[in-house]
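For the record, the sequence lines run as chains L and U. Residue numbers 1 to 522, in UniProt numbering, belong to the letters of the first sequence in order. Residue numbers 1 to 522, in UniProt numbering, belong to the letters of the second sequence in order. All C-beta atoms, glycine included, are put in the ideal place defined by N, C-alpha and C. Here is the structure we will look at, set down as structure tokens.
Number of protein chains: 2
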Amino acid sequence: MSAVQNVLFIMADQLRADHLSCYGHPYLQTPSLDALAARGARFERAFVNSGVCGPSRMSYYTGRYPSRHGATWNRVPLSVNEITLGEYLAGQGRELALAGKTHIIPDKAGMERLAIDGASELGVLLARGGFTELDRYDGHHTPGEESGYPAFLRRHGYDSADPWTDYVIAGVDADGRVVSGWNMRNVHLPSRVAEPHSETAYMTDQALDFMKRRGGQPWVLHLSYVKPHWPYMAPAPYHQRYTADQCLPLRRNHEELADAHPVVAAYRQQEESVSFSSDECVRVVRPAYQGLIRQLDDHLGRLFDYMESAGLMKNTLIVFTADHGDFLGDHWLGEKELFYDTVQRVPFIVMDPSVEADATRGKALADMVESVDLVPTVLRALGTPGPCHLLEGRELQTLLHGRDGATPWRDCVFSELDYSFRQARILRGKTPQNARAWSVRTDRWRYVYWLDEPEQLFDLHADPDEYQDLGRSSAHASTRLALRERLLDWMLRGKRRTTISDEAVEKATNAHKRAGVFFGQW
Amino acid sequence: MSAVQNVLFIMADQLRADHLSCYGHPYLQTPSLDALAARGARFERAFVNSGVCGPSRMSYYTGRYPSRHGATWNRVPLSVNEITLGEYLAGQGRELALAGKTHIIPDKAGMERLAIDGASELGVLLARGGFTELDRYDGHHTPGEESGYPAFLRRHGYDSADPWTDYVIAGVDADGRVVSGWNMRNVHLPSRVAEPHSETAYMTDQALDFMKRRGGQPWVLHLSYVKPHWPYMAPAPYHQRYTADQCLPLRRNHEELADAHPVVAAYRQQEESVSFSSDECVRVVRPAYQGLIRQLDDHLGRLFDYMESAGLMKNTLIVFTADHGDFLGDHWLGEKELFYDTVQRVPFIVMDPSVEADATRGKALADMVESVDLVPTVLRALGTPGPCHLLEGRELQTLLHGRDGATPWRDCVFSELDYSFRQARILRGKTPQNARAWSVRTDRWRYVYWLDEPEQLFDLHADPDEYQDLGRSSAHASTRLALRERLLDWMLRGKRRTTISDEAVEKATNAHKRAGVFFGQW
């Protein structure tokens with residue numbers, strides 16, 4: 001019997017792996033997450049399947065790669081045909097509660113085509129990506145009716161039709177003017193909301209209230225913070241918790257700009273990269289970013305303390321991860337997308353309370369993990385493994401419960417990019433059909449295949465910071481070839497035969513004679 | 001203005017390209033189809049996207065490759081998420097009428113999941129693959145309620161609960177015993193039904209009746225014959241129309257059996273291949289197969305004569321093709337599947353009545369054509385091109401209307417195999433997830449990539465009969481590599497972002513500021 005009664009799946013938005021102290025940050029202390037890692041296990045090499053919110057999250061929520069779930073960028077709806085974690089749980093009579101962000105774009109056209117009433121129970125479930133919304137809050141837009149946050153702010157005296165814009169992401173400059181966190185030059189200022197009224201505090205409260213309401217009843221909760229994603233406005237005192245000198249050194253050099261990959265060069269022309277190419281921007285934003293992370297850790301400490309006191313640490317599987325990282329000026333880039341480890345590698349901590357997981361408790365595991373592993377892992381923890389003809393990830397219990405050396409595990413991870421919606425596509429003169437790229441990352445290599453553009457290759461052993469693109473190095477042609485072969489193999493194994501289970505295939509094998517069909521008899 | 005008011009899409013089942021006289025058969029005369037080719041154009045190099053009924057047809061009906069539509073074998077339901085030709089036409093207020101076979105397996109699980117009432121208009125349309133069924137008749141099973149054929153037979157005196165089994169595919173042997181066409185040894189005998197009561201005659205009558213009922217009203221009809229597919233029982237006089245010496249020579253040699261590809265070798269162990277490996281079987285079946293084709297041609301002549309008299313030849317786009325070929329003992333194989341031209345190449349005749357098509361009238365075109373081209377071609381003929389984010393085929397009008405030499409066209413075609421349901425998978429000890437293969441065929445090469453099995457390669461210039469597998473020839477490693485690269489490129493360009501149109505992507509490009517999101521501003 002599994003000891004797991006509840007699941008708490010925590011996601012931070014745009015959080016780089018190297019920005020937790022348990023992952024080696026020398027100045028930014030994250031004691032709550034470090035303690036969680038000590039009680040569970042920490043994956044040193046966890047990677048997302050896309051370096052941007054929407055497709056990455058859809059891989060976390062469906063257990064399938066972007067090429068399969070089809071929601072390849074933030075504005076692409078998740079097809080009604082895709083089955084999410086929430087729907088798997090609903091099939092077991094459980095709910096997947098949501099506090100925070102999902103980035104689900106409902107497939108309205110698909111629902112209309114199939115005459116699914118958006119107001120019906122099914123329609124609501126599909127439009128919400130399978131979640132039961134305690135409080136959906138996607139952040140970086142003025143929150144809508146689905147979140148209680150604007151009303152909460154107004155109750156606490158932030159008198160505005162749009163308190164998020166006027167208070168949460170606003171500050172007051174030296175001249176007493178209210179200025180916006182959309183302009184990154186202002187994020188050294190404290191947010192105009194008091195810390196207990198910030199987004200991170202509010203969403204932690206939602207999770208705490210939910211756990212209290214559930215009492216001893218089992219639950220599965222996705223607690224999905226919108227921070228440290230931009231706008232990078234931190235409430236006091238976190239806005240000044242770190243100085244610019246307490247941030248990680250910039251990972252960039254001038255050689256990167258010479259003969260750069262044409263699509264990377266196009267990304268560098270986008271506004272966020274131009275802004276982050278200045279040291280001034282980096283020295284203002286990075287301390288605020290770190291402050292937001294420290295704040296998050298403090299609230300997680302509050303949450304974990306409650307869980308401890310309520311006995312929930314003994315029967316709750318906790319996963320903490322992020323949807324992708326943030327360049328913050330590394331590689332002369334801002335924001336996310338593309339395929340550097342800065343963006344692709346995320347923290348991934350799992351605290352499995354079961355006795356079997358004692359095998360790895362407190363350890364840092366080097367096995368490669370991907371976003372698609374989340375659904376299989378949660379379903380396995382709850383005792384009802386998902387369908388193997390749909391799920392493309394693996395159960396992390398295989399690692400957490402002590403892997404037999406003979407059990408194979410993956411030795412590379414895959415990620416995808418659809419830049420159809422970005423200025424970089426326009427700059428490259430491409431169509432929405434050929435603005436795509438795929439990455440294969442092994443222990444040693446980062447390889448990127450671009451449609452109708454040159455390849456990229458980085459030797460992560462010789463060049464861990466990914467400065468030197470060997471995509472056109474003739475000495476590395478055979479390496480690139482071998483990685484293209486991996487990509488081909490992976491693409492071909494994609495799970496696209498979705499309408500019949502493997503068990504049904506087994507049953508139907510050679511079934512023609514039972515069906516009265518006798519072809520081939522002489 | 002297009003001259004096309006109606007579309008007649010005729011499919012034969014399991015008809016090899018080389019079994020029409022206009023495609024070079026020296027003994028089997030097919031004057032009606034030859035005349036159609038003379039009035040239209042004939043594609044010399046038309047290929048299916050899968051060498052088996054279900055997936056091939058789903059590519060014809062959706063305009064998408066099997067890896068995308070997901071119905072990878074006969075028993076795999078077509079996902080409710082896939083849009084068929086019938087649904088595209090329904091969106092224009094037109095119906096796609098069906099007389100005959102579709103091999104659609106309804107996605108009952110998908111409909112149940114999405115609470116689509118199978119009895120509703122939508123449910124019926126989806127379950128029928130978008131067709132309005134005049135008479136659905138999939139053949140090679142006892143027909144169900146959806147076809148009027150059993151009742152028709154009983155009305156004509158074939159007194160039986162199952163007149164198909166007892167009469168249509170039965171014969172009477174020299175000892176007066178009723179014997180079954182399931183046993184191929186019996187197909188030299190005439191069917192127990194009179195020719196006018198045969199499947200081919202019946203279905204032609206359905207089409208004729210439909211055209212007459214429509215009067216001058218526009219229509220789109222899929223006339224889909226179940227012949228010359230097994231059981232190979234032909235009615236008199238067609239059962240003896242050809243002698244064994246009037247059949248094509250067997251395309252096989254003993255070298256093929258030495259060191260054969262392991263999956264091909266496994267197919268050769270299946271019953272149909274064992275049967276067809278004997279000359280006796282070949283000499284009995286091939287004449288009957290040819291008789292069934294000649295019968296089909298005679299009925300098409302009847303149909304085309306009516307159309308001529310009714311003025312329909314002037315305003316009807318006619319397409320004639322097949323879902324795949326039939327080995328009939330070639331390569332020591334029976335039935336279909338795998339990737340030889342015998343099975344992959346099909347007849348493909350298009351009669352476009354519009355003036356623009358005069359450019360190619362009566363010609364044999366060498367450009368490569370695939371099943372996925374059907375939907376774009378029909379939609380273009382009717383004046384409402386389909387969505388380019390879903391359709392993977394091309395409009396054949398580009399060729400039929402006289403291609404400018406500067407207009408690019410494809411130089412290879414792709415086909416797919418899922419042998420999960422076959423004995424060959426069991427013989428190879430594989431799972432339902434890795435019993436797959438893909439073929440790339442160019443002018444010169446036939447390349448096959450198998451999951452976890454050796455490659456195959458044939459040099460079609462030096463070895464047009466595909467006897468010598470160069471899959472392990474070290475001299476051809478670079479050729480195989482180049483073809484794997486083509487396969488990778490094709491797989492990556494697959495249209496899997498199905499929930500948003502390219503036009504919507506264009507509109508949403510750079511739209512964040514309009515949505516109130518200002519990331520990246522300093």
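In this structure, DSSP gives L:Thr479 a helical state, which the three-state scheme calls helix. U:Met491 reaches chain L at Leu488, Met491 and Leu492, counting residues in chain order whose Cβ is nearer than 8 Å.
The residue from L:Thr200, L:Ile426 and L:Arg444 with its alpha-carbon nearest to that of L:His476 is L:Arg444. Going by DSSP, L:Asp135 is part of the beta strand (DSSP E) stretching over Thr132 to Arg136.
Shown in chain order are the members of the region 138 to 155 of chain U whose Cβ falls below 9 Å from a Cβ of chain L: His140, His141 and Thr142.
For U:Arg428, the three-state secondary structure derived from DSSP is helix.
A straight-line Cα-Cα distance of about 50 Å links L:Glu308 and L:Glu455.
Among the CB atoms of chain U, one or more fall inside 7 Å of the CB of L:Gln423. For L:Asp279, no beta strand (DSSP E) segment is defined; the enclosing uninterrupted segment is the alpha helix (DSSP H) at Asp279 to Ser309.
The shortest C-alpha to C-alpha distance from L:His188 to any of L:Arg16, L:Glu280 and L:Cys388 is the one to L:Glu280. Between the beta-carbon of U:Gly63 and that of U:Ile318 there is about 19 Å, and that puts the pair past the 8 Å contact cut. Per DSSP, U:Lys227 has no beta-bridge partner at all. Look at U:Ala119: its C-beta is not under 7 Å from any C-beta on chain L. For U:Thr30, no beta strand (DSSP E) encloses it, and the DSSP letter there is neither H nor E. The beta carbon of U:Ser160 does not come within 7 Å of any beta carbon belonging to chain L, so the residue lies off that interface. U:Gly171: member of the beta strand (DSSP E) spanning Ala170 to Val172, first to last residue.
Using a CB distance cut-off of 7 Å, U:Glu453 does not count as an interface residue toward chain L.
Taken in chain order, the unbroken stretches of beta strand (DSSP E) that lie wholly in the region 38 to 118 of chain L and span 3 residues or more are 41 to 47 and 96 to 100. The Cβ neighbour count for U:His140, taken over all protein chains shown within 10 Å, is at least 16; the residue is labelled buried. Secondary-structure assignment with DSSP links L:Thr321 through a beta bridge to L:Met11 and L:Phe348. Segment contact: the region 343 to 351 of chain L against the region 35 to 50 of chain L, three or more CB-CB distances shorter than 8 Å; contact assigned. Taking C-alpha positions only, U:Arg361 is separated from U:Pro353 by approximately 9 Å. Residue-level contact check: L:Thr442 does not touch chain U, since none of the beta carbons of chain U fall below 7 Å from its beta carbon. Inter-residue distance for L:Pro235 and L:Tyr60 is about 29 Å (C-alpha atoms, whole angstroms).
The beta carbon of U:Asp297 sits closer than 6 Å to the beta carbons of Thr30, Ser32 and Leu33 from its chain, once the five residues preceding and following it are set aside; these are given in chain order. Residue environment: U:Val285 is assigned as buried (16 or more neighbouring CB atoms within 10 Å of its CB, all protein chains considered). Boundaries of the alpha helix (DSSP H) harbouring L:Arg380: Leu374 to Ala381, taken from the DSSP string. A contact between stretches requires three or more CB pairs, one per stretch, nearer than 8 Å, and the region 216 to 229 of chain L meets this requirement with the region 91 to 98 of chain L. Per DSSP, reduced to three states, the secondary structure at L:Met491 is helical. By the CB criterion at 7 Å, U:Ser147 and U:Tyr137 fall inside the cutoff.
Annotation for U:His156: His197 place their beta carbon closer than 6 Å to its own, counting only its chain and skipping 5 residues before and after. Here the alpha carbons of L:Leu134 and U:Ala511 stand approximately 29 Å from one another. Membership of U:Leu457 in the beta strand (DSSP E) is indicated by the continuous run Gln456 to Asp459. In the DSSP assignment, U:Ser180 falls within the unbroken beta strand (DSSP E) covering Val178 to Ser180.
In the three-state reduction of the DSSP assignment, L:Tyr340 falls in the coil class, being assigned neither a helical nor a strand state. In this structure the region 334 to 342 of chain U does not lie against the region 299 to 315 of chain U, because fewer than three pairs of beta carbons, one per stretch, are closer than 8 Å.
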